[in-house]
Amino acid sequence: MLHRARRPDPAGPGRAQGLHHILAGEMTRIGVVRNPKSHGNRANPPGPPPEGVRLVEPFGRDALRTDLEEFARDGLDLLVIDGGDGTVRDVISLLPHTFGEDLPLLAVLPSGKTNVLAIDLGTPSDWRLEEALLAARRTEPRIKSRPPLRISWVDGHRPCLQGFFFGVGALVKATNLSQKVHKVGFFHNLAVGVTIATATLGALFGGTRDEWREGVPARLTFDGEAQPGEERFAIVATALKRLPFGLKPFGPPREGLKILDVDAPPRRLLKALPLVLSGKAEPQLEGLGYRRRDPNVVGLDGGAPFVLDGEVFEGGELTIGLGPALRFLVG
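Residue numbers for the sequence shown follow UniProt numbering, beginning at 1 and rising by one.
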């Protein structure tokens, strides 16, 4: 069993004031959350962290919350996330509950199986901690802002989740498939491509009752307005601008919450899929049951499980919106 790994903070109790100290090179409040189980970290022990850097390797979400609470209590200028999309999701989901509104600058070291956020941000695929720290010391470091999706259960019995890529229906099935894809050695963009290709083949050549084509219960509202239909083949939502392979299922790259809503069973998928994935604004797509929308708030009910950044969660009556924008150091 893994345990949280801590190193003493060489900087001691003295704390610099605010983000401008990072920009001036005074790197005195830096925390690293490292996932030792991430694909790129398994064979690479971290070694002693640089001076002034506190590194933790929490085992489980409870331990992660404890570490983030301690970081927040001491104050951080820069929080480095060393892992894949799931690690990023777990960390940013806890930020509202630990840091509140006083959020640090973030940096992502893309060491996971898939790193869709890093692809969107343009973070180098081989970025390591030392390079991120050097980037933060630059006179004018490159910083990009992204608001995460915020998924909330209406009953309030579970804490909200934050992430960047949400799916229901076929996306949940494709996520379950992707675990097998990873086991045979496909990672990063290739894993995404193989998953999409396999899911597409299943949906194209199965019958109406085929497991890939049948719908899941999903009643939608966009900004309080009920949408027709109670079953969907797929619902996909994101706050990202750029996806792997240049795919554009939501249309042209743009800011904000974007959603693709597809009827079940999908109609004329062989013809529609290239149009959907290329981002083309074809009027015929609407008539075939492929709808792109840019709502501010989405209501989703029906109880179907959903996937958020690579992990499947229990469904329920949900609200999907955007959380406050997060700032990411990108080079």
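Glycine included, C-beta positions come from ideal geometry on N, C-alpha and C.
This structure is a prediction, so every number in the text was calculated from the model and none was measured.
Quiz item: Between the C-alpha atoms of R29 and F99, what's the straight-line distance to the nearest angstrom?
Solution: Sequence index remark: in the sequence shown, residue 29 carries index 29 (1-based). Sequence index remark: in the sequence shown, residue 99 carries index 99 (1-based). Distance between the alpha carbons of R29 and F99 is about 14 Å.
Quiz item: Given a threshold of 16 other Cβ atoms within 10 Å of its Cβ, counted over all protein chains shown, does D90 qualify as buried or as exposed?
Solution: For the purposes of this step, residue 90 is identified with residue 90 of the sequence shown, where counting begins at 1. Under this definition D90 is a buried residue.
Quiz item: V236 to G86, Cα distance in whole Å?
Solution: Within the sequence shown, residue 236 is the residue found at index 236, counting from 1. Within the sequence shown, residue 86 is the residue found at index 86, counting from 1. Rounded to whole angstroms, V236 and G86 show a C-alpha spacing of 17 Å.
Quiz prompt | Endpoints, the alpha helix (DSSP H) within which D90 is located | solution = Against the sequence shown, residue 90 aligns to sequence position 90. Counting along the chain, the alpha helix (DSSP H) containing D90 begins and ends at D85 to T98.
Self-check item: Buried or exposed by the 16-neighbour rule on C-beta atoms within 10 Å, applied to A304
Solution: Within the sequence shown, residue 304 is the residue found at index 304, counting from 1. Under a 10 Å Cβ-count criterion, A304 is classified as buried, with 16 or more other Cβ atoms of the shown protein chains found around its own Cβ.
Quiz item: Which whole-angstrom value is the C-beta distance of P265 and G229, which I expect to be below 8 Å?
Solution: On the sequence shown, position 265 is the one that residue 265 refers to. On the sequence shown, position 229 is the one that residue 229 refers to. Contact flag wrong, Cβ pair sits at about 12 Å.
Practice problem: Can you have a look at T139 and say buried or exposed, based on whether 16 or more other CB atoms are within 10 angstroms of its CB? | Solution: Counting from one through the sequence shown, the residue named residue 139 turns up at place 139. Result: exposed.
Exercise. With a threshold of 16 other CB atoms inside 10 Å of the CB of G156, please say whether the residue is buried or exposed.
Key: What you label residue 156 is simply residue 156 of the sequence shown in a count that begins at 1. Exposed, because fewer than 16 other Cβ atoms sit within 10 Å of the Cβ of G156.
Practice problem: Report yes or no: do the stretch 159–167 and the stretch 220–227 share at least 3 C-beta pairs separated by less than 8 Å? | Solution: Touching, no, given that fewer than three Cβ pairs across the two stretches are closer than 8 Å.
Quiz item: What span of residues does the alpha helix (DSSP H) with G287 cover, start to end?
Solution: Here the question's residue 287 lines up with position 287 in the sequence shown. Taken as a continuous stretch (DSSP letters only), the alpha helix (DSSP H) holding G287 covers P283 to L288.
Self-check item: Residue range of the unbroken alpha helix (DSSP H) whose run includes R73
Solution: Taking the sequence shown and counting its residues from 1, the one referred to as residue 73 is at position 73. In the DSSP assignment, R73 falls within the alpha helix (DSSP H) that extends over R61 to D74.
Exercise. Determine the direct distance from the alpha carbon of L326 to that of E51, and round the result to whole angstroms.
Key: For the purposes of this step, residue 51 is taken as residue 51 along the sequence shown, with counting starting at 1. For the purposes of this step, residue 326 is taken as residue 326 along the sequence shown, with counting starting at 1. Straight through space, the alpha carbons of L326 and E51 are spaced by roughly 26 Å.
Quiz item: From D294, L103, G302 and L76, pick the residue whose C-alpha is nearest to that of W153; which is it?
Solution: By 1-based counting over the sequence shown, the position of residue 153 is 153. Of D294, L103, G302 and L76, the residue nearest in Cα terms is G302.
Quiz prompt | In DSSP terms, what G31 is bridged to | solution = One-based indexing of the sequence shown puts residue 31 at position 31. In the DSSP output, where bridge partners are listed per residue, G31 has R54 and L79.
Quiz prompt | From L277, G287 and A239, residue whose alpha carbon lies closest to that of G321 | solution = The count along the sequence shown starts at 1 and reaches residue 321 at position 321. Of L277, G287 and A239, the residue nearest in Cα terms is A239.
Practice problem: May I ask whether a heavy atom of the ligand SAH can be found less than 7 Å away from the beta carbon of K280? | Solution: Looking at this structure, you won't find the ligand SAH or any other ligand, since it has none at all.
Quiz item: DSSP beta-bridge partners for E231?
Solution: As a working mapping, residue 231 is identified with position 231 in the sequence shown. Under DSSP, E231 shares a beta bridge with P217.
Quiz item: Counting Cβ pairs, one atom from each stretch, are 3 or more of them under 8 Å apart for the stretch 94–109 and the stretch 53–67?
Solution: Touching, yes, given that three or more Cβ pairs across the two stretches are closer than 8 Å.
Quiz item: What's the gap between the Cα of F164 and the Cα of G84?
Solution: As a first step, residue 164 is located in the sequence shown; it is residue number 164 there, counting from the start. As a first step, residue 84 is located in the sequence shown; it is residue number 84 there, counting from the start. Computed Cα separation, rounded: 12 Å.
Quiz item: Among the residues of its own chain, which have a CB less than 8 Å from the CB of I143, if the five just before and after it don't count?
Solution: Start at 1 with the first residue of the sequence shown, and residue 143 comes out as number 143. The residues L105, R327, F328, L329 and V330, in chain order, have a CB closer than 8 Å to that of I143 in the same chain once the five nearest residues on each side in sequence are set aside.
Exercise. Return the CA-CA distance between S125 and P253, expressed in angstroms with no decimal places.
Key: In the sequence shown, the residue the question calls residue 125 occupies position 125. In the sequence shown, the residue the question calls residue 253 occupies position 253. Their backbone Cα atoms lie some 21 Å apart in a straight line.
Self-check item: Alpha-carbon to alpha-carbon, D263 and W127
Solution: In the sequence shown, counting from the first residue as 1, residue 127 sits at position 127. In the sequence shown, counting from the first residue as 1, residue 263 sits at position 263. In this structure, the CA atom of W127 is about 40 Å from the CA atom of D263.
Quiz item: Using 8 Å as the Cβ pair cut-off and three pairs as the minimum, do the stretch 284–302 and the stretch 243–262 touch?
Solution: Yes, they touch.
Self-check item: Assumed close pair D82, V32 - CB separation to whole angstroms, cut-off 8 Å
Solution: Taking the first residue of the sequence shown as 1, we reach residue 82 at position 82. Taking the first residue of the sequence shown as 1, we reach residue 32 at position 32. 6 Å between Cβ atoms; contact.
Practice problem: Determine the DSSP secondary structure at E140, reduced to helix, strand or coil. | Solution: For the purposes of this step, residue 140 is identified with residue 140 of the sequence shown, where counting begins at 1. Coil at E140, not helix or strand.
Quiz item: CB G251 to CB G279, shorter than 8 Å?
Solution: Here residue 251 corresponds to residue number 251 of the sequence shown, with the count starting at 1. Here residue 279 corresponds to residue number 279 of the sequence shown, with the count starting at 1. Yes, these two residues count as a Cβ contact at 8 Å.
Quiz item: Would you call D309 buried or exposed, if buried means 16 or more other Cβ atoms sit within 10 Å of its Cβ?
Solution: Taking the sequence shown and counting its residues from 1, the one referred to as residue 309 is at position 309. With 16 or more Cβ atoms within 10 Å of its Cβ, D309 is classed as buried.
Self-check item: Which residues DSSP lists as bridging P110, in chain order
Solution: Here residue 110 refers to the residue found at position 110 when the sequence shown is read from its first residue. Note: P110 sits in a beta bridge opposite G83.
Quiz item: Do V168 and R232 have their CB atoms nearer than 8 Å?
Solution: The residue labelled residue 168 in the question sits at position 168 within the sequence shown. The residue labelled residue 232 in the question sits at position 232 within the sequence shown. Here V168 is near R232, since their CB atoms are less than 8 Å apart.
Self-check item: For L243: DSSP bridge partner residues
Solution: Here the question's residue 243 lines up with position 243 in the sequence shown. Note: L243 sits in no beta bridge, so no partner.
Self-check item: Straight-line Cα distance separating E311 from N115
Solution: Locating residue 115 in the sequence shown gives position 115, where the first residue counts as 1. Locating residue 311 in the sequence shown gives position 311, where the first residue counts as 1. When the Cα atoms are used, N115 and E311 turn out to be separated by approximately 13 Å.
Exercise. Please work out which residues of its chain come closer than 6 Å, Cβ to Cβ, to E130, disregarding the five sequence neighbours upstream and downstream, and give them in chain order.
Key: By 1-based counting over the sequence shown, the position of residue 130 is 130. Taken in chain order, the list of residues that qualify is empty.
Practice problem: Excluding the 5 residues preceding and the 5 following L285 in the sequence, name in chain order all residues of the same chain whose CB lies nearer than 7 Å to its CB. | Solution: As a first step, residue 285 must be located in the sequence shown, where it is residue number 285. When the five nearest sequence neighbours on each side are left out, the beta carbons in the same chain lying within less than 7 Å of the beta carbon of L285 are those of A272, L275 and V276, in order along the chain.
Self-check item: Range covered by the beta strand (DSSP E) that runs through L329
Solution: The residue you call residue 329 lines up with position 329 of the sequence shown. L326 to L329 is the span of the beta strand (DSSP E), which, as asked, contains L329.
Quiz item: Just reading off the alpha helix (DSSP H) that V116 is part of, what are its end residues?
Solution: Translated into the one-based positions of the sequence shown, residue 116 becomes position 116. Start and end: V116 to L121.
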